[in-house]
Every structure is written in structure tokens, then in C-alpha cells.
Amino acid sequence: MAHTHAHPGSPQSLPALHGHGLHLRPWDPTSRSDAEVWLRGTTDPEFKRWNTPLRPVTDVAAAREVLRRWAQWAEDGMAVSFRIAGADRGTPLGHIDVNDIRPVQRSGLVGYWVLPEARRRGVATRALLLTARWALTELGPHRLELDHAVAREVSCRIAERCGFLPEGTLREAMFAEGSHDAFRDSHLHARLATDPEPAPPRTSRPE
26 MAHTHAHPGS
36 PQSLPALHGH
46 GLHLRPWDPT
56 SRSDAEVWLR
66 GTTDPEFKRW
76 NTPLRPVTDV
86 AAAREVLRRW
96 AQWAEDGMAV
106 SFRIAGADRG
116 TPLGHIDVND
126 IRPVQRSGLV
136 GYWVLPEARR
146 RGVATRALLL
156 TARWALTELG
166 PHRLELDHAV
176 AREVSCRIAE
186 RCGFLPEGTL
196 REAMFAEGSH
206 DAFRDSHLHA
216 RLATDPEPAP
226 PRTSRPE
């Protein structure tokens, strides 16, 4: 059955996603707690090693402005973003999004990050499985892409576990660490709506 949901709608209309021991909900730009989580995640050295935002976030006010932009992109049908938390305790764990949504081409691009204390617990894998399944069945894309710096081998493993097959190397497709004037190669992965569903993960302890 073809899906025709090309416009995500407002952040308030986006669903909360539940599964694999996680609870995903849209970020709330009015929440100081959400802004503080965003600030902590995007100022972490490991995040900054692999991501070079055009506008670095340096304080809670800047983080809140980023969350407002994500909310506006959802209104405009350009992207959706979710705060990742544990299903049991509601502990904040990270972020995942589908951005660069192109309704005509029926495609989108997935991105995510995980807080330092939540790493090596399968959070990214579980969140990606949950988000990809929802996006490919409800949001409308036929194709979801995921790219990462070539040296970020853990992202390759996560992508492949979640059914995102490797498609090649994109030359100098990402900013180098801490620079807008230098570039590095990235690996491209993609998953199609017609691809088989990956095996479910083993969930970790309650979070």
C-alpha cells in the first residue's frame, strides 16, 4: 500500500514513539529541561568530533533557539525530531531526526546523537529501528538515507544492524572537525520501504 503522508505537520501533531525500551517524543522548545539536554549533548567532545554545526550551541538560550527551528521545520514539512528517553524511568538519552524530507523524491535523511552516559547500551540502534519503521510506514518516504564520517566505524555497524545498506563513499561531503573550510569523506547508507525488517534488538536494563 502506498503512503501519501508527505507533510509531518506541527510538533504537537507528531506522535510519541514507543518500543525497544524507549520513549521518543518531539522536543519542546518551551522546556528548559529539553534545552539543557540539547546543550549537553551538542557540546560533548565526542559529538563535536564528528559533527560541525553551522551555528554551534553555547548556552541554553541558543539550544532553545535550535529547538524552535526544529519545530518550525516540522511545521514546514522539512524535518521531524525526537527526544530519546528511557521508557521506564524517562531518563533522557539523546536525539534522533529525519531531515531533508523531499516529498517529490519520497526520501529523507536520518541523524542522531546519544548522551555520553547512554553510549554502548544500544540506544542509537534501538532509536534508529523505531524511527525508521515509523518513518517508512507513516511519514511517507520510500528511501531513508544515513551518512557518517568514514572514520566513524561504529556508525557503520549501527546503520547495518538497522537495515541501512552501505552504498558508497561520498568524497569530501562533510565538514572536517571544527572547520567550515575543510572537508572529509562520508559513508552513505540507505534503507528502502521495500527492504526486509531488521531483527529486533536485545533491550538493555530499564532506563
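Using the working numbering, the final residue of the sequence shown is 232, and nothing's skipped along the way. Note that CB positions come from ideal geometry on N, CA and C, so glycine has one too. Quick caveat, the model's predicted, so the values are computed rather than measured.
Hey, is the region 71-79 in contact with the region 199-208, meaning 3+ C-beta pairs nearer than 8 Å?
Judged by Cβ distances under 8 Å, the region 71-79 makes contact with the region 199-208, as three or more pairs qualify.
Can you check which of these residues, Ser180, Arg108, His173, Val129, is closest to Gly66 by C-alpha distance?
Working through the sequence shown from its first residue, we reach residue 66 at position 41. It is Arg108 whose Cα lies nearest to the Cα of Gly66.
Going along the chain, which unbroken runs of the alpha helix (DSSP H) with 4 or more residues stay wholly within the region 171-228?
The region 171-228 contains these whole alpha helix (DSSP H) runs: 178-186.
Looking only at its own chain, which residues have a Cβ that is under 6 Å from the Cβ of His28, when we skip the five neighbours before and after it?
Mapped onto the sequence shown, residue 28 falls at position 3. Annotation note: pLDDT 36 at His28 (below 50); position unreliable, coordinate value reported separately. Around His28: Gly165.
Which of the three DSSP states, helix, strand or coil, is assigned to Asp139?
The residue given as residue 139 occupies position 114 in the sequence shown. Before going on, a small fix: residue 139 reads as Val here, not Asp. The answer is strand: DSSP assigns Val139 an E or B state.
Please classify Arg89 as buried or exposed, where buried requires at least 16 neighbouring CB atoms within 10 angstroms.
Reading the sequence shown from its first residue, position 64 is the one you call residue 89. So Arg89 counts as buried.
Spatial neighbours of Ala31 within its chain, please: CB distance less than 6 Å, with the 5 preceding and 5 following residues excluded, ordered by chain position.
On the sequence shown, position 6 is the one that residue 31 refers to. Confidence in Ala31 is poor, its pLDDT being 44 and thus under 50, which makes the residue's placement unreliable; the coordinate value appears in the next sentence. Same-chain partners within the cutoff: Pro128, Gly165.
In terms of alpha-carbon separation, which member of Trp63, Trp95, Ala96, Ala112 lies closest to Asp84?
Locating residue 84 in the sequence shown gives position 59, counting from the first residue. The shortest Cα separation from Asp84 among Trp63, Trp95, Ala96, Ala112 belongs to Trp63.
With a cut-off of 8 Å on the beta carbons, I'd call Asp217 and Arg168 a contact; round off their distance for me.
If you number the sequence shown from 1, residue 217 lands on position 192. If you number the sequence shown from 1, residue 168 lands on position 143. In the sequence as presented, Asp is not what sits at residue 217; that position holds Leu. Right, their Cβ atoms sit about 6 Å apart.
Let's test the definition: count the other Cβ atoms within 10 Å of the Cβ of Asp59 and tell me whether it reaches 16, buried, or not, exposed.
Here residue 59 is taken as the residue at index 34 of the sequence shown, counted from 1. Burial call: buried.
Cutting at 8 Å between CB atoms, please list the residues of its own chain near Asp49, excluding the five before and the five after it.
If you number the sequence shown from 1, residue 49 lands on position 24. Inspection of the sequence shows that residue 49 is occupied by Leu rather than by Asp. For Leu49, where only same-chain residues beyond five positions count, the Cβ hits under 8 Å are Ala41, Leu42, His43, Phe107, Arg108, Ile109, Ala110, Ile121, Ala152, Leu155, Thr156.
Are at least three pairs of beta-carbons, each pair with one atom in the region 133-141 and one in the region 89-99, less than 8 Å apart?
Flag = no, the region 133-141 and the region 89-99 do not touch.
Tell me, please, which residues DSSP counts as bridged to Asp122.
Position 97 of the sequence shown, counted from the start, is the residue given in the question as residue 122. Answer by DSSP bridge pairing, in chain order: Ser106, Gly136.
Just to confirm before moving on: does the CB-CB distance between Leu118 and Leu47 stay below 9 Å?
Residue numbering aside, residue 118 sits at position 93 when the sequence shown is read from its first letter. Residue numbering aside, residue 47 sits at position 22 when the sequence shown is read from its first letter. Taking 9 Å as the Cβ cut-off, Leu118 and Leu47 qualify as a contacting pair.
Could you give the distance in angstroms between the alpha-carbon of Ala112 and the alpha-carbon of Val148?
Counting from one through the sequence shown, the residue named residue 112 turns up at place 87. Counting from one through the sequence shown, the residue named residue 148 turns up at place 123. If I take the Cα positions, the gap works out to 12 Å.
Can you give me the Cβ contacts of Pro223 inside the same chain, cut-off strictly under 8 Å, excluding the 5 residues immediately before and after it?
One-based indexing of the sequence shown puts residue 223 at position 198. Around Pro223: Leu154, Arg186, Cys187, Gly188.
Distance, Cα to Cα, Ala174 vs Leu161?
Counted from its first residue, the sequence shown places residue 174 at position 149. Counted from its first residue, the sequence shown places residue 161 at position 136. Going by the C-alpha atoms only, they are around 24 Å apart.
How would you call Ser38, buried or exposed, if buried means at least 16 neighbouring beta carbons within 10 angstroms?
In the sequence shown, counting from the first residue as 1, residue 38 sits at position 13. Ser38 is exposed by the Cβ-count criterion.
Thinking just about the alpha-carbon of each residue, which of Val105, Leu190, Arg196 is nearest to the one in Asp125?
Taking the sequence shown and counting its residues from 1, the one referred to as residue 125 is at position 100. Looking at the Cα atoms, Val105 is the closest of the given residues.
Which same chain residues, not among the five before or five after Cys181, have their C-beta less than 8 Å away from its C-beta?
Along the sequence shown, read from residue 1 onward, the residue named residue 181 stands at position 156. Contacts found: His173, Pro191, His212, His214.
How is the alpha helix (DSSP H) around Leu153 delimited, first residue to last?
Position 128 of the sequence shown, counting from 1, holds the residue named residue 153. That run of the alpha helix (DSSP H) goes 148-159.
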